[in-house]
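Chains as they are written, first to last, in our numbering: chain A, 50 to 152; chain B, 50 to 152.
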DNA sequence: CAGTATCCACCCTGATACTG
DNA sequence: CAGTATCAGGGTGGATACTG
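In structure tokens, the structure reads:
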């Protein structure tokens, strides 16, 4: 036994990637390096602005992504993964393979 | 890039371990092999019967755990992980280590 | 463009009581 | 012991309109 359930609660960091949209967002950022708000809306057409905004804010607070604002008109905002966020790639990949192994 | 976000949606199997209680339940079953309903209630004192029941049912439907009923009086029900469920150990471990690395 | 504000419906969850 | 039934509440998410 590697980890004691007493010391692995959901808030250990797992909830930072919980939810319907966070993993897809992370995957798109892994693929594209940098994306604007509207880019994410295009590839995730079913998410509402509200939810996208909320998820990006939470991911930023959890230091998984970086938000860069260019003070132009119209405004331009770019999102990209932090190193900590990029470290999730192998784990998400394992999770994905695990999911596929069982139908 | 290993996985295409187009092909890694949350319902790929990730939602089978989503939620507040499923990972802790899996971890306890990894540790103890077999547990009764009341055993799980003891180690997870904050979960209600209703939620525990619901989570166990979903985990069973997703083939992560097995439910064994002994037709005795009083009834005895045991839960244990399937092979598919046990395969999650390394992934949860990685996730946990990843979470700990960052504060 | 990149959000926020507002309103509203719904679902998830908790508490309690009940059952086989 | 191992649940289910019922009711109530609070938070979550969607739709739309608005803003800098």
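Here a beta-carbon is modelled for each residue, glycine too, at the ideal position from N, C-alpha and C.
Is there at least one Cβ from chain B nearer than 8 Å to residue i's Cβ?
i	result
residue 105(A)	no
residue 72(A)	yes
residue 114(A)	no
residue 130(A)	no
residue 96(A)	no
residue 143(A)	yes
residue 63(A)	yes
Between the options, which lies nearest to residue i when the distance is taken from Cα to Cα?
i	options	result
residue 110(A)	89(A), 128(A), 142(A), 53(A)	128(A)
residue 38(B)	113(A), 53(A), 136(A), 115(A)	Chain B is shown only over 50 to 152; residue 38(B) falls outside these bounds and no answer can be derived.
residue 133(A)	70(A), 98(A), 114(A)	114(A)
residue 78(B)	116(B), 144(B), 123(B)	116(B)
residue 83(A)	142(A), 135(A), 98(A)	135(A)
Exposed or buried, residue i, counting other C-beta atoms within 10 Å across all chains shown (16 or more means buried)?
i	result
residue 65(B)	buried
residue 149(A)	exposed
Counting only C-beta atoms, is residue i closer than 8 Å to chain A at any point?
i	result
residue 109(B)	no
residue 127(B)	no
residue 67(B)	yes
residue 137(B)	yes
For this session: Count the CB pairs spanning the region 69-77 of chain A and the region 89-100 of chain A that are closer than 8 Å, and state whether there are at least three.
Result: yes
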